[in-house]
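K.L.:
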Amino acid sequence: MSSGYGALEALLTPDEPTSIGAPAASEKVVATLLNPSPTVWISFAGGSNESAATFIQSVHRVAFMQNRIEDDKWMAQYASTCFTGSALMWYLSLEEKAQTTWKKLRLALVQRYPVIQSPQPVPVVVPAKPEVPSPGITEIGQIEVIRSEFGDVYGYLSQDSTGKFVVDPSQEKALKLEAVLHTNAKNQHEKIYSLRLLDVRAYSP
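Read in order, the letters of the sequence shown are residues 0 to 204 in numbering that gives the first Met the number 0.
Below is the structure:
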């Protein structure tokens, strides 16, 4: 007679009757814990491209997988099977206490194969460029004087017979100057005008 549970009952009901003496589910779990995962084999030769810290961490992980993380002697014995090349020769030269105790063996490892710090890049110091004035813009012209209160032309910068600078209403007598516009090297927003007379006149005292 069907119980009415359908597929759920089929999953919970074993296909074959349990024989006398067969392990129960709890016994299978205990058996799994007592028989951990297969041992993972690693190697360490002490080469320049190998890290002792990485090797120690790998030993810890294998011991954890094997439920041996608190078994100091087992971890030392396992590590001894991992050494090859020059690292094996170094291991064989250790005292027996260092070979059979993982705490002492891992300390000897980091002392023999210290962590090599990668060299820090040397900062490149670029010398500051000397302050060179920007190339100027040269123009030739005359200086016109304007009345500030009226805004009309008062005259032009000129020289009298004694060589004194005066304002003359005649543009023909105005001095010709060469004006060079520079940019201040320290303050790019500041302009500098350099004036040079082109028609230097000789005057007798």
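Positions of the beta carbon are idealized from the N, C-alpha and C atoms, including for glycine.
Given the structure is predicted, the values throughout are model-derived calculations rather than measurements.
How about Thr137: is its Cβ closer than 6 Å to a heavy atom in the ligand ADP?
P.N.:
You won't find the ligand ADP in this model; it holds no ligand whatsoever.
K.L.:
Give the C-beta separation of Thr38 and Gln65 to the nearest angstrom, bearing in mind that I take them to be a contact with Cβ-Cβ under 8 Å.
P.N.:
Here residue 38 refers to the residue found at position 39 when the sequence shown is read from its first residue. Here residue 65 refers to the residue found at position 66 when the sequence shown is read from its first residue. About 7 Å; that satisfies the 8 Å criterion.
K.L.:
Comparing alpha-carbon positions, which option in Thr100, Leu108, Leu93, Gly154 lies nearest Ala44?
P.N.:
If you number the sequence shown from 1, residue 44 lands on position 45. The residue with the shortest Cα to Cα distance from Ala44 is Leu108.
K.L.:
How should Val121 be labelled, buried or exposed, when 16 other C-beta atoms within 10 angstroms of its C-beta is the threshold for buried?
P.N.:
Residue mapping note: residue 121 aligns to position 122 of the sequence shown, counting from 1. Answer is exposed; the Cβ neighbour count stays below 16.
K.L.:
Can you have a look at Trp101 and say buried or exposed, based on whether 16 or more other CB atoms are within 10 angstroms of its CB?
P.N.:
Position 102 of the sequence shown, counted from the first residue, corresponds to residue 101. Its Cβ being crowded by 16 or more others within 10 Å, Trp101 is buried.
K.L.:
Would DSSP call Glu171 helix, strand or coil?
P.N.:
As a working note, residue 171 is residue 172 in the sequence shown. Reduced to three states, the DSSP call for Glu171 is helix.
K.L.:
Give the secondary structure of Ser50 by DSSP, where H, G and I count as helix, E and B as strand, and everything else as coil.
P.N.:
Your numbering for residue 50 matches position 51 in the sequence shown. Ser50 falls in the coil class under three-state DSSP.
K.L.:
Rounded to the nearest angstrom, what separates Thr137 and Gln119 at their Cα positions?
P.N.:
Sequence index remark: in the sequence shown, residue 137 carries index 138 (1-based). Sequence index remark: in the sequence shown, residue 119 carries index 120 (1-based). About 51 Å.
K.L.:
How is the alpha helix (DSSP H) around Glu240 delimited, first residue to last?
P.N.:
There is no way to answer for residue 240, as the model of the chain reaches only from 0 to 204.
K.L.:
To the nearest whole angstrom, what separates the beta carbons of Trp89 and Arg111, a pair I think is in contact under 8 Å?
P.N.:
In the sequence shown, the residue the question calls residue 89 occupies position 90. In the sequence shown, the residue the question calls residue 111 occupies position 112. Their Cβ separation, rounded to whole angstroms, is 6 Å, which keeps Trp89 and Arg111 in contact under 8 Å.
K.L.:
For Ile55, tell me which candidate among Val179, Ile145, Ile41, Gly140 has the shortest Cα-Cα distance.
P.N.:
Reading the sequence shown from its first residue, position 56 is the one you call residue 55. When each option's Cα is compared against that of Ile55, the closest is Ile41.
K.L.:
Tell me, please, which residues DSSP counts as bridged to Val165.
P.N.:
The residue labelled residue 165 in the question sits at position 166 within the sequence shown. BP columns for Val165 point to Ser157.
K.L.:
Quick test of your reading: Ser157 and Lys172, contact by CB under 8 Å. State the CB separation rounded to the nearest angstrom.
P.N.:
As a working note, residue 157 is residue 158 in the sequence shown. As a working note, residue 172 is residue 173 in the sequence shown. Right, the Cβ-Cβ distance comes to about 5 Å (below 8 Å), so this counts as a contact.
K.L.:
Ends of the alpha helix (DSSP H) at Gly45?
P.N.:
Looking up residue 45 in the sequence shown gives position 46. No alpha helix (DSSP H) contains Gly45, which DSSP labels as neither H nor E.
K.L.:
If you drop the 5 nearest sequence neighbours on each side, which residues of the same chain put their C-beta closer than 6 Å to that of Trp73?
P.N.:
Position 74 of the sequence shown, counted from the first residue, corresponds to residue 73. Closer than 6 Å at the Cβ level, and outside the excluded window around Trp73, lie Arg67.
K.L.:
Around the Cβ of Val58, are there at least 16 other Cβ atoms within 10 angstroms (buried) or fewer (exposed)?
P.N.:
For the purposes of this step, residue 58 is identified with residue 59 of the sequence shown, where counting begins at 1. Buried, since its Cβ has 16 or more Cβ neighbours within 10 Å.
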